[in-house]
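Worksheet: one structure, shown below.
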Amino acid sequence: MDMMNILKWLPDDDAGRMLDLERLFEMPGWKIVEEWAATSGESAQVRAANAGSWADNRIAYGQGLVYNEFLRLAERTLIEYTNMAEQAKLDSELEDEEGHE
């Protein structure tokens, strides 16, 4: 589903949030955050691999997961809003079918 269709099927509040997030993800500052998350995630992997204890390993591993979430946030946001729009479209089509019966 393309961006215009996604926005068409989202409630106004959600469409506004999605547009705000898309603008955020296009900003130069977000690129800095992504670079930081990538570098920090790599560092966390090294710390996990070389950890002196299980607890230190788990902490570093968890940190790596958090950095990875930052890297995937733009993609996951688009997926989430696309799913919401597709569901709204499906619900509308089902209501239309029920109205014609």
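If you count the sequence shown from 1, you need to add 4 to reach this note's numbering.
Beta carbons: idealized from backbone N, C-alpha and C, even for Gly.
Practice prompt. Measure the beta-carbon distance from P65 to I10 and round it to whole angstroms, keeping in mind my assumption that it falls under 8 Å.
Written response: In the sequence shown, counting from the first residue as 1, residue 65 sits at position 61. In the sequence shown, counting from the first residue as 1, residue 10 sits at position 6. Inspection of the sequence shows that residue 65 is occupied by Tyr rather than by Pro. About 34 Å separates the two Cβ atoms, so there is no contact after all.
Worksheet entry | Residue span of the alpha helix (DSSP H) that contains M22, given as start and end | Taking the first residue of the sequence shown as position 1, residue 22 is located at position 18. Per DSSP, M22 belongs to the alpha helix (DSSP H) from D16 to E30.
Practice prompt. Closer than 7 Å by C-beta to W34: which residues in its own chain qualify, once you throw out the five before and the five after it? Chain order, please.
Written response: The residue labelled residue 34 in the question sits at position 30 within the sequence shown. Cβ within range, chain order: L28.
Worksheet item: Going straight from the alpha carbon of V37 to that of G103, what length do you get?
Response: Walking along the sequence shown from the start, residue 37 turns up at place 33. Walking along the sequence shown from the start, residue 103 turns up at place 99. Computed Cα separation, rounded: 49 Å.
Worksheet entry | Check whether D88 and W13 have beta carbons under 9 Å apart | Taking the sequence shown and counting its residues from 1, one reaches residue 88 at position 84. Taking the sequence shown and counting its residues from 1, one reaches residue 13 at position 9. At residue 88 the sequence reads Met, which differs from the Asp that was named. Yes; because the gap between Cβ atoms is below 9 Å, this pair is in contact.
Worksheet item: Below 9 Å between beta carbons: does that hold for M7 and E26?
Response: Here residue 7 corresponds to residue number 3 of the sequence shown, with the count starting at 1. Here residue 26 corresponds to residue number 22 of the sequence shown, with the count starting at 1. Result yes, Cβ atoms of M7 and E26 sit closer than 9 Å.
Fill in: Reduced DSSP category for A42 - H, G, I as helix; E, B as strand; rest coil
Working through the sequence shown from its first residue, we reach residue 42 at position 38. Note: A42 maps to helix in three-state DSSP.
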